[in-house]
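S.K.: When you line the sequence shown up against mature numbering (1 follows the signal peptide of the UniProt record, and there is no 0), it's residues -25 to -1, 1 to 144, in that order.
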Amino acid sequence: MSAQKAARLPLLPVAALTLLAVISAQQNQGVRLADNPYGNHIGRVEVNYYGRWGTICENGWSSYDADVICGMLNYTGYICAVNYATSTFGEGTGSVWLSNLACRYYDTTLDRCRNSNPYNINPCTHSRDAALICQDPTVMPVPYEITVLNETTRSITVGWQVCINLCLI
């Protein structure tokens, strides 16, 4: 790589790279969707760092982040990503490990993504935990109630064509 190209690459703190590498090395044991009675493909996003589960803040939450996490869990992609999901999935416990996650369309694991706020050094609390609904072709759509940003509760069907009006992304 040329020195000119290297100078343009964003520098990440060593802590961020270490955290993402440990989570990704664990693959699906390092990421999970928690607290949903409808199946493992729906829930609050949690990551395991050296044996301690924590959450991801919805700050900067994007479709690429959602795709990476669902892919790490062996799903075919995401249906929707939800922010402020605590009224639906409850607040996580432990640390808020990551915020401002910045995965790109070609990233396949969290260690490939950029992250500017690792190790619980961020302004997030568990009230801003991120959540996902991943595509699982083996699961039939089910009725599901979800609370949206404006605090309006709507009934939706969790299937291939849901969340168009409800999801963050």
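Heads up, the beta-carbon is just placed ideally off N, CA and C, and yes, glycines get one too.
Owing to the predicted nature of the structure, the values given are computational and were not obtained by experimental measurement.
1. Give the straight-line distance between the Cα atoms of G35 and G26, rounded to the nearest whole angstrom.
2. Are there 16 or more other CB atoms within 10 angstroms of the CB of N49, so buried, or fewer, so exposed?
3. Measure the beta-carbon distance from E104 to T51 and round it to whole angstroms, keeping in mind my assumption that it falls under 8 angstroms.
4. Please name the residue in Y53, Y24, R19 whose C-alpha comes closest to that of P112.
5. With DSSP run on the structure shown, which of helix, strand or coil describes S38?
6. Write down the C-beta distance between V20 and L85 rounded to the nearest angstrom, noting that I regard them as a contact closer than 8 angstroms.
7. Provide the residue span of the beta strand (DSSP E) that contains C109, from first to last.
8. Once the 5 residues before and after Y80 are set aside, which same chain residues still bring their CB inside 6 angstroms of it?
9. Going by alpha carbons, who is nearest to C32 out of C88, C55, L73?
10. Kindly give me the distance between the Cβ atoms of V43 and C88, rounded to whole angstroms, as I take these residues to be in contact under 8 angstroms.
M.R.: Reading from the atomic positions:
1. 25 angstroms
2. exposed
3. Here residue 104 turns out to be Asp, not Glu, going by the sequence shown. The pair is not a contact, with the Cβ atoms about 24 angstroms apart (cut-off 8 angstroms).
4. Y53
5. helix
6. With 8 angstroms as the limit, V20 and L85 do not qualify as a contact, their Cβ atoms being about 11 angstroms apart.
7. 106 to 109
8. Y39
9. L73
10. Confirmed, about 6 angstroms.
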